[in-house]
Amino acid sequence: MGRELNQFQIVLLVVIAVVGVSLTWSATEARGGRGIPVAQPIVVTTAHVTRSDRLKRNETLTHLLARHSVDGPELQRFLEAAREKGLNPRRLRPDMVFEFRYSLPENTPDRVKVRLDRDRYLKLGRESAGGWWSKLEGITWTVFIERVEGTIPARGSLDGAIHAAILDSVLPFAERQQLIWNVAEGVYAWVIDFHRDLRPDDRFQILYERLVSDAGDVHYGRLLAASIETAGQAKMASLLTGQGGQNLYYDDQGWSLHRAFLVAPVRYRYLSSRFGRRFHPILQRYRAHTGYDFAADLGNPIQATADGVIQSAGRRGGYGLMVAIRHVKSIETRYAHMSRIARGIRPGVRVSQGDIIGFVGKSGLATGPHVHYEFLKNGRQIDYRTVDLGDGEPVPTPRQAEFDSLRIEYGRLLEPRRFQVMAPLEWD
309 MGRELNQFQI
319 VLLVVIAVVG
329 VSLTWSATEA
339 RGGRGIPVAQ
349 PIVVTTAHVT
359 RSDRLKRNET
369 LTHLLARHSV
379 DGPELQRFLE
389 AAREKGLNPR
399 RLRPDMVFEF
409 RYSLPENTPD
419 RVKVRLDRDR
429 YLKLGRESAG
439 GWWSKLEGIT
449 WTVFIERVEG
459 TIPARGSLDG
469 AIHAAILDSV
479 LPFAERQQLI
489 WNVAEGVYAW
499 VIDFHRDLRP
509 DDRFQILYER
519 LVSDAGDVHY
529 GRLLAASIET
539 AGQAKMASLL
549 TGQGGQNLYY
559 DDQGWSLHRA
569 FLVAPVRYRY
579 LSSRFGRRFH
589 PILQRYRAHT
599 GYDFAADLGN
609 PIQATADGVI
619 QSAGRRGGYG
629 LMVAIRHVKS
639 IETRYAHMSR
649 IARGIRPGVR
659 VSQGDIIGFV
669 GKSGLATGPH
679 VHYEFLKNGR
689 QIDYRTVDLG
699 DGEPVPTPRQ
709 AEFDSLRIEY
719 GRLLEPRRFQ
729 VMAPLEWD
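Those letters in the sequence shown? Residues 309 to 736, by my numbering.
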């Protein structure tokens with residue numbers, strides 16, 4: 309034994325030992341002894357291997373399948389089976405992943421699986437005669453209720469605070485962006501200007517749905533409730549699903565957060581000028597400034613702040629490219645210095661709140677890209693921040709009790725430290 313055993317010799321000795329023990333157990337059983345029971349042999353009839361492949365840019369499904377030996381008449385039968393369940397070979401997006409399962413030692417797959425959309429897989433199977441069958445398989449999503457809280461940092465924003473408070477493992481970056489957009493644009497856009505109203509150390513609490521699929525995907529679902537502090541006062545939002553399935557949000561008094569006018573016509577970086585008297589940077593003299601200037605990135609979309617009818621759309625002196633909208637109660641809004649006006653925006657056209665009417669520019673008397681926004685009442689420019697546009701619609705009377713119950717539960721989930729007992733929510 310002067311030489312060390314190599315790896316092969318060691319494995320061989322282990323196999324011989326295991327076989328010897330098995331034979332001994334078998335002999336014991338044959339003699340009717342009380343030996344350890346002999347395990348039944350495992351018979352492997354078919355071995356499988358799965359390989360994934362991506363549809364390359366400018367590549368057809370035919371090319372992809374040819375790499376996996378699916379061609380000729382069999383290819384046509386595959387495509388027919390795929391079309392039956394909604395897979396259009398001419399409308400496939402690049403980077404779609406196809407999983408091919410092979411029964412060894414065959415070089416033609418017997419199963420193919422591809423994800424059609426967020427909620428469905430398409431599975432195809434090869435028959436012995438070379439035909440193919442297909443079926444759809446749903447993807448199961450599990451809903452988790454998540455809570456996040458934080459404060460607005462010095463020189464920070466709500467966007468940055470939410471990104472810092474939620475880990476990537478909980479919600480990926482793109483999904484956090486969707487959550488932030490929902491908070492700022494979908495819920496509070498009528499009552500909070502997140503550039504002007506928030507201050508350092510203002511607190512926020514957010515309750516939202518996190519969706520996890522059995523395929524391992526993680527998505528943002530819905531905003532359930534939120535509380536955002538501005539000027540020392542918390543503004544509450546609670547979800548009440550509408551009769552048509554739409555998401556409706558109400559404050560703690562039961563008034564809708566959806567108001568007649570948005571607080572800003574564009575996603576902007578800062579206010580470059582306010583309503584009042586100022587020194588004009590181009591005319592080099594003091595004059596009245598009859599609106600608000602929202603400095604924004606060139607080309608950013610500009611929204612109608614309320615429902616109305618286009619009154620004018622085109623060039624207007626120092627305003628450059630401008631759109632004016634007529635609203636109810638003798639109110640008019642103007643949006644100036646556009647780079648271009650959106651297609652279809654012309655006098656007489658009716659627009660809804662949030663519709664894109666143009667794009668940020670610096671036409672007319674402007675030194676940089678921004679939107680000059682004016683608010684007129686009976687033909688006179690006024691500071692729209694001082695106008696009381698009223699509350700939103702109240703919770704429908706038949707659903708008041710339902711809303712009150714939800715509002716209390718949301719409050720408990722948002723601020724659990726205020727409650728010793730937290731009742732569970734029932735989710736359909």
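The beta carbon of each residue, even a glycine, is placed where N, CA and C say it ideally should be.
Other residues of its chain near residue i: CB distance less than 6 Å, five sequence neighbours each side excluded
| i | result |
| --- | --- |
| aspartate 467 | Ile488 |
| aspartate 743 | The chain is shown only over 309 to 736; residue 743 falls outside these bounds and no answer can be derived. |
| methionine 404 | Leu363 |
| arginine 365 | Pro402 |
| arginine 634 | Gly616, Val617, Gln619 and Glu640 |
| glutamate 682 | Thr598, Gly599, Arg642 and Gln689 |
| lysine 443 | Lys431 |
| threonine 459 | Asp509 and Arg511 |
Cα-Cα separation between residue i and residue j, rounded to whole angstroms
| i | j | result |
| --- | --- | --- |
| isoleucine 474 | arginine 688 | 46 Å |
| tyrosine 600 | threonine 641 | 12 Å |
| leucine 714 | glycine 666 | 40 Å |
| arginine 428 | valine 679 | 44 Å |
| valine 574 | threonine 598 | 18 Å |
| glutamate 445 | leucine 373 | 21 Å |
| glycine 607 | glycine 669 | 6 Å |
| glycine 676 | leucine 506 | 25 Å |
| threonine 613 | phenylalanine 406 | 45 Å |
| isoleucine 525 | serine 465 | Checking the sequence shown, residue 525 turns out to be aspartate, not isoleucine. Roughly 28 Å separates the two Cα atoms. |
| proline 397 | histidine 371 | 11 Å |
| serine 360 | alanine 482 | 25 Å |
| phenylalanine 727 | arginine 455 | With a pLDDT of only 44 at phenylalanine 727, under 50, the local geometry of the prediction cannot be trusted, and no value is derived from it. |
| serine 334 | valine 378 | Any reading at serine 334 needs caution, since the residue's pLDDT is 41, under 50, leaving its predicted position unreliable; the model's value is listed next. In a straight line, the C-alpha of serine 334 is about 48 Å away from that of valine 378. |
| threonine 336 | leucine 412 | For threonine 336, the pLDDT reaches just 43, beneath the cut-off of 50, and the residue's location in the model is therefore unreliable, leaving the point undetermined. |
| proline 655 | valine 631 | 9 Å |
| aspartate 696 | alanine 568 | 11 Å |
| arginine 375 | arginine 419 | 15 Å |
| lysine 543 | glutamate 388 | 56 Å |
| leucine 570 | alanine 469 | 23 Å |
| leucine 395 | aspartate 522 | 22 Å |
| arginine 623 | histidine 645 | 9 Å |
| alanine 492 | alanine 533 | 13 Å |
Boundaries (first-last residue) of the alpha helix (DSSP H) holding residue i
| i | result |
| --- | --- |
| arginine 720 | 708–722 |
| glycine 458 | Looking at the DSSP string, glycine 458 is not in any alpha helix (DSSP H); the run it does join, the beta strand (DSSP E), is 449–459. |
| glutamate 483 | 481–489 |
| isoleucine 470 | 466–473 |
| glutamine 369 | Correcting the residue type first, residue 369 is leucine in the shown sequence and not glutamine. Its alpha helix (DSSP H) spans residues 369–374. |
Cβ-Cβ distance between residue i and residue j below 7 Å
| i | j | result |
| --- | --- | --- |
| valine 409 | threonine 358 | Before going further, note that residue 409 is arginine rather than valine in the sequence given. Their beta carbons are under 7 Å apart, which means arginine 409 touches threonine 358 by this criterion. |
| tryptophan 441 | arginine 385 | no |
| glutamine 513 | glutamate 457 | yes |
| alanine 650 | isoleucine 639 | no |
| histidine 527 | leucine 515 | no |
| leucine 430 | leucine 424 | yes |
7 Å CB neighbourhood of residue i in its chain, flanking five on each side removed
| i | result |
| --- | --- |
| leucine 565 | Val495, Tyr496, Trp498, Val499, Ala545, Tyr557, Tyr558, Asp559 and Gly700 |
| tyrosine 578 | His503 and Ala603 |
| glutamate 382 | Gly438 |
| lysine 685 | Ser638 and Ile639 |
| valine 703 | Leu548, Tyr558, Gly562 and Phe711 |
Cβ-Cβ separation, residue j to residue i (assumed contact under 8 Å), whole Å
| i | j | result |
| --- | --- | --- |
| aspartate 629 | serine 671 | According to the sequence shown, residue 629 is leucine rather than aspartate. 5 Å between Cβ atoms; contact. |
Range of the contiguous beta strand (DSSP E) that encloses residue i
| i | result |
| --- | --- |
| proline 609 | 609–611 |
| phenylalanine 512 | 511–521 |
| glutamine 738 | No answer is possible for residue 738: it lies beyond the span of the chain, which begins at 309 and ends at 736. |
| glutamine 541 | 541–549 |
| histidine 645 | 639–649 |
| phenylalanine 602 | 600–603 |
| aspartate 425 | 419–425 |
| alanine 621 | 616–623 |
| glutamate 537 | 526–538 |
| methionine 630 | 629–634 |
| aspartate 361 | 355–362 |
| valine 679 | 678–685 |
| asparagine 415 | Asparagine 415 -> no beta strand (DSSP E), and no H or E assigned at all. |
Own chain partners of residue i with C-beta closer than 8 Å, once the 5 adjacent residues on each side are dropped
| i | result |
| --- | --- |
| arginine 391 | Pro397 |
| glutamine 611 | Leu570, Pro573, Val574, Gln661, Gly662, Asp663, Ile664 and Ile665 |
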